[in-house]
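Mapped onto our numbering, the consecutive letters of the sequence shown carry residue numbers 73 to 287.
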Amino acid sequence: MEKITIALTKGRILKDTLPLFAEAGIEPVENIAESRKLIFDTTLAHVQFVVIRGTDVPTYVQLGAADIGVAGKDMLLEHGAAGMYEPLDLGIARCRLMTAMMRDQALPRGKIKVATKFVNVARRYFAAQGTQVELIKLYGAMELAPLMNLADVIVDIVDTGNTLRANGMEPADTIADISSRLVVNTSAMKRKHEAITDVVERLRKAVTARETVSA
Ligand code: PRP
73 MEKITIALTK
83 GRILKDTLPL
93 FAEAGIEPVE
103 NIAESRKLIF
113 DTTLAHVQFV
123 VIRGTDVPTY
133 VQLGAADIGV
143 AGKDMLLEHG
153 AAGMYEPLDL
163 GIARCRLMTA
173 MMRDQALPRG
183 KIKVATKFVN
193 VARRYFAAQG
203 TQVELIKLYG
213 AMELAPLMNL
223 ADVIVDIVDT
233 GNTLRANGME
243 PADTIADISS
253 RLVVNTSAMK
263 RKHEAITDVV
273 ERLRKAVTAR
283 ETVSA
């Protein structure tokens, strides 16, 4: 079959991704967690993994450096989905993209300061609400921004809500339900149809098998 590259999101998502790929019969031939390498052969001779930051996965797939990617829906919403198909919800790394603010604190009248790394998502969301905002781009620790009077509201990923609670904040509105998705480069889908369809179908079966067990 044609050689294909799958871009995986490192960190928390990777811990959920590898067992699912193993159930689909695709495993790295060495331990990713114990290696400083970025490219890994797999038990399918024609398939390799690259392990990169979640924010970079849509870029790799859109530009065709990777044929397939595993990316959080949050990253896809922020980056945009041009040049990619999204054939499968992997059902892993589920969480929500939410607004949040300090507990028991009223919002100011007029423009609201919003700190987030999801500036495109936030811009669209507040525009649709008809709310005037000033967006402040941050790269981490969004929960700190209201505490330090940098922002009134944050837009961030909420899983257990523990991070918000620990910093005196509470979730407000859900912008989107998030999980990891399989994305495929549209032109690779045509050129490498057999190999890509094989991977998509293996994963589709693995996801369905999990749903059947948990139903
Ligand atoms: C995410 C997010 C929150 C936290 C939410 O950060 O930005 O800080 O998880 O999880 P919780 O609701 O269970 O507390 P992550 O740890 O993924 O690190 P990041 O800031 O690098 O994305």
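Heads up, the beta-carbon is just placed ideally off N, CA and C, and yes, glycines get one too. Given the structure is predicted, the values throughout are model-derived calculations rather than measurements.
Per DSSP, cross-strand counterpart(s) of residue i
i      : result
Phe112 : Phe121
Ser252 : Gly144
Met156 : Asn257
Asp270 : Answer is none; Asp270 lacks a bridge partner.
Met173 : Val225, Glu242
Ala187 : Ile208, Ile226
Pro100 : Thr114
Arg168 : Val230, Asp249
Asp139 : Looking at the DSSP assignment, Asp139 forms no beta bridge with any residue, so it has no partner.
Cβ-Cβ separation, residue j to residue i (assumed contact under 8 Å), whole Å
i      : j      : result
Leu80  : Val123 : 5 Å
Thr77  : Ile98  : That pair is no contact at about 12 Å.
Met241 : Ala172 : 5 Å
Leu162 : Leu86  : Incorrect: roughly 12 Å between the Cβ atoms, too far for contact.
Val227 : Thr203 : With 8 Å as the limit, Val227 and Thr203 do not qualify as a contact, their Cβ atoms being about 12 Å apart.
Span of the alpha helix (DSSP H) around residue i
i      : result
Thr127 : From DSSP, Thr127 is part of no alpha helix (DSSP H); its letter is neither H nor E.
Ile85  : 84 to 95
Leu219 : 216 to 219
Residue closest to residue i, alpha-carbon to alpha-carbon, out of the options
i      : options                        : result
Thr258 : Leu149, Pro180, Pro159         : Pro159
Ser251 : Ala94, Glu106, Lys145, Leu92   : Lys145
Arg263 : Ile111, Asp139, Gly182         : Asp139
Ile164 : Ser286, Val279, Thr232, Thr284 : Val279
Arg282 : Gly141, Glu95, Met73           : Glu95
Val177 : Val205, Leu219, Cys167, Met170 : It should be pointed out that residue 177 corresponds to Gln in this sequence rather than to Val. With distances taken between Cα atoms, Gln177 lies closest to Leu219.
Leu110 : Leu179, Glu215, Arg125         : Arg125
Glu206 : Val225, Leu216, Ala200, Ala213 : Val225
Leu169 : Pro180, Asp231, Arg175, Val186 : Asp231
His118 : Thr284, Glu273, Glu266, Ser286 : Glu266
Phe93  : Pro243, Val272, Glu106         : Val272
Ala137 : Lys277, Val256, Ala213         : Val256
Ala223 : Asn234, Gly233, Ile208         : Ile208
Leu216 : Ala200, Tyr197, Ala287, Leu236 : Leu236
Asn239 : Ala248, Met214, Gln201, Gly182 : Met214
Leu210 : Lys185, Ala199, Ala200, Tyr197 : Lys185
Extent of the continuous beta strand (DSSP E) to which residue i belongs
i     : result
Ala79 : 76 to 81
CB contact below 7 Å: residue i versus chain B
i      : result
Leu254 : The structure shown contains no chain B; it is built from a single protein chain.
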